[in-house]
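Going by my numbering, the sequence shown wraps up at 706, each residue one higher than the last.
Heads up, the beta-carbon is just placed ideally off N, CA and C, and yes, glycines get one too.
Here the structure is laid out as structure tokens; the discussion comes afterwards.
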Amino acid sequence: MQKPLLGYATSDKGWENMSKVTVDLIFKDPNVKHKLRLFKQSDIESMMLFEKNGKPYLKCFASDIERPAKPEEIVRQLFIKKLMTEYGYPKERIGVEKEVWFGSGVHEKAADIIVYQKDMEHPYIIVEAKKPNRADGIQQLKSYCNAEGSPIGVWTNGEALVILHREEPNIFSQLSSIPSVDQSLIDVIKEPWTIDKLAQENKLAKERLSLKSVILDLENLVLANAGVDAFDEVFKLIYAKLFDEWAAKNLRDRNRRIYFRIYGESPLELYQKINGLFNQANEKWRGVFRPLDKIELSPSHLYTCISFLQDIKLFNANLQIIDEAFEYLVTQVAKGSKGQYFTPRYVIDMCVKMFNPKEPEYVIDPAAGSCGFTVHTFFWIWGEDSISAPTREQAEYASTMVYGIDFDDRAVKIAKALNLIAGDGKQNVYKLNSLDPKSWNEEGKAALRTFLTRFPDDQELDKDNQENFRYFGFDILMTNPPFAGDIREKQILKNYDLAQKNGKQSQRMSRDVLFIERCIDFLKSGGRMAIVLPQGRFNNIMDEYVREYIMEKARILAVVSLGDNTFRPHAGTKTSVLFLQKWDDKLCPKKEDYPIFLAISEKSGKASSGEYVFKKNELGEPEIDKHGHLIVEHDLDKIAENFIEFAKKEELSFWKT
């Protein structure tokens, strides 16, 4: 007689007490890569393990064969149960460990699960559950579907779920769900979706996915062989999708169908529909793409891309999910050669919270990247933590009070888009070299001229400033400037005090050092600044002159040491954020001795691999916020709260109660 197993006791050497082994216990092992999040707790609890040859076993739901209760087998059995109970497939149509025959005429591997057509001969659904890695599992699944001619393929590791529709050999699109036993494939494809249904079924929330993982799927299936610029084409699709979601939410018709979706159209018909959405987005949010730009993906490649993006909701995002995807797409050649990377949103949030921007204050980021600092300033002013349809007053603030500058084409394109969408109107993002204002174009000069400091008592200095754009009057500056590379151009170096040593001009200067001086010059008296810098600037003996320059110009408010992994995988440079306030007789009277807030972050939010580390609940599952997004595990919110207490105690001007 089989002996049932209950309880909780294992060791890395084997099963110590067979009377205490359960499904939950097996999956508590941190080395187990499969998960159980896709399955109902009642189904998990219904699985009875029993002892056989000193090991845990289970009985297959489809075949009644006894199998070792390994993690991948438990996931397979739970998925079989799901197929039977949720989708209605009888166990007679479900095959387990069925040989897959390839073109060589011999079988090489066995499919984990096959659901047969009603004729019981031809595969209808093939499920791959053994390979827990997403890319490996999808590749294996595609080979099975091509070999057997199955129209539907499913990969799962118990946590994520990918459902592929094989339309032609080697051409796959993604389905939103598996057809139930009484549904046809076209029933699933043609089901109408509204914005409410999209929010309810949002794959990013339901499966705890990041947009980056979706882009990786697209790259593996489409983009690598599409012959197009992956960044530009994905950007166009995200732009069109954001517009579709915006229109569905803001055109006062909750039953409006989502159009960024496949409803059974041909690839050409779908291309025309999605390109039309892109054109509408380009008309609504002008200034990012050229008027005649269009989607360059072929209709067949576009078809697959839409299938992977259609089940995710991007609007009302805190932008971290969009940033992560773009950071992956923007190559190291484009960004990394200058040592500049997207700043994690939680670092941005810390800076904004600590500086407490007010509505009358003008804000700038002179190395804006994707404009995270400026967009999150919108959120702070509006009292919201996500993109939404702004009021008229909010849109007015976004279009007049916040500015961004960057020299990288792609960064400017992203920044313009996010500022337009968040502010729902004009954007103030300009492609300029902040360190070389003499090279600025007329558009940039015209936009920023009004912020130039005037010197009524020194006409020569005033004229020089009007011509050379050196001193400005911004209230707040927050930035993460590029670190890598030296500036060697003499015509640039001659404009910087830090490049003049002992009466001589330096032959070269570190880019970030020049940014320190440039950023201080962007501020009015009493203005405040947060800047990410290499840790060495705070303690290297050779940089003492830089620190003296800073202290002469401003009060150091705080230094926050960021975690080692903050900017991985692209850079492992140890960094800190410097917070300062420019001396001013009223807002920040000059002192020789004053306290400085110091903090060290012990939770960087990332692993050494550069992947984000997410908060988990008591069941070990990733937690999500009210928008359905994964929550990064970091301690910068606490540091910001401690600084606010410090600022109020010190009666700093921007935190006076």
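For residue i and residue j, I'd like the C-alpha separation in whole angstroms.
i, j, result
"ASP570", "TYR545", "10 Å"
"GLY144", "ALA159", "11 Å"
"ILE75", "PRO120", "7 Å"
"SER347", "ILE220", "13 Å"
"GLU682", "GLU672", "10 Å"
"LEU326", "PHE280", "18 Å"
"LEU54", "ARG116", "Summary for LEU54: the model assigns pLDDT 48, below 50, so the residue's position carries little reliability; its value from the coordinates is reported in the next sentence. Cα to Cα, LEU54 sits roughly 15 Å from ARG116."
"ALA648", "SER610", "6 Å"
"PRO241", "GLY186", "30 Å"
"GLU707", "LEU85", "Absent from the structure is residue 707, since the part of the chain shown begins at 50 and ends at 706."
"ASP613", "ARG257", "25 Å"
"SER483", "ILE454", "7 Å"
"TYR57", "GLU670", "Residue placement at TYR57 cannot be trusted, given a pLDDT of 35 that sits under 50; what the coordinates show is reported in the next sentence. Cα to Cα, TYR57 sits roughly 19 Å from GLU670."
"ALA466", "LEU363", "13 Å"
"ALA696", "SER226", "52 Å"
"GLN584", "LEU627", "10 Å"
"PHE338", "HIS678", "28 Å"
"GLY63", "ASN666", "Annotation note: pLDDT 48 at GLY63 (below 50); position unreliable, no value reported."
"LEU319", "TYR352", "7 Å"
"ARG596", "ALA620", "24 Å"
"PHE675", "LEU358", "The amino acid at residue 675 is misidentified as Phe; the sequence shows Lys. Taking the straight line from one Cα to the other gives about 21 Å."
"VAL81", "VAL424", "39 Å"
"ASP168", "ILE123", "28 Å"
"SER650", "TYR395", "12 Å"
"GLU294", "ASP513", "48 Å"
"GLY659", "THR615", "8 Å"
Tell me, which residues are paired with residue i by DSSP?
i, result
"SER226", "According to DSSP, SER226 bridges with nothing at all."
"TYR452", "ILE413"
"PHE521", "LEU501"
"PHE628", "ALA579 and ALA607"
"CYS637", "ASP633"
"ASN162", "In the sequence under discussion, the amino acid at residue 162 is Ile, which differs from the Asn named in the question. Answer is VAL145 and VAL176, bridged to ILE162."
"VAL478", "GLY453"
"PRO316", "According to DSSP, PRO316 bridges with nothing at all."
"MET558", "ILE536"
"SER28", "Any question about residue 28 goes unanswered here, given that the chain covers just 50 to 706."
"GLN549", "GLN554"
"LYS108", "GLU115"
"PRO79", "Its beta-bridge partners do not exist; DSSP assigns none."
"GLU667", "Per DSSP, none; premise fails for GLU667."
Could you check if residue i is buried or exposed, using at least 16 other CB atoms within 10 Å of its CB as the buried criterion?
i, result
"LYS698", "exposed"
"SER233", "exposed"
"ASP561", "buried"
"MET578", "buried"
"GLY198", "exposed"
"GLY313", "exposed"
"SER222", "buried"
"PRO406", "buried"
"GLY207", "buried"
"ILE739", "Because the chain here runs from 50 to 706, residue 739 falls outside it and cannot be looked at."
"THR499", "exposed"
"PHE692", "buried"
"ALA273", "exposed"
"ALA689", "buried"
"ARG604", "buried"
"GLY576", "buried"
"ILE590", "exposed"
Using the three-state DSSP reduction, which class does residue i fall into: helix, strand or coil?
i, result
"THR205", "strand"
"ALA184", "helix"
"LYS179", "coil"
"LEU611", "coil"
"THR380", "In this prediction, THR380 has a pLDDT of 45, which is less than 50 and means its spatial position is unreliable; what the coordinates show is noted afterwards. Here THR380 sits in coil by DSSP."
"PRO661", "Note that residue 661 is Tyr in the sequence shown, not Pro. TYR661 falls in the strand class under three-state DSSP."
"HIS425", "helix"
"ARG116", "strand"
"GLU593", "helix"
"MET527", "strand"
"ARG215", "strand"
"TRP334", "coil"
"LYS101", "strand"
"LEU210", "strand"
"PHE616", "coil"
Contact between the segment 89-109 and the segment 203-217 (3+ Cβ pairs under 8 Å): no
Report yes or no: do the segment 488-505 and the segment 458-465 share at least 3 C-beta pairs separated by less than 8 Å? no
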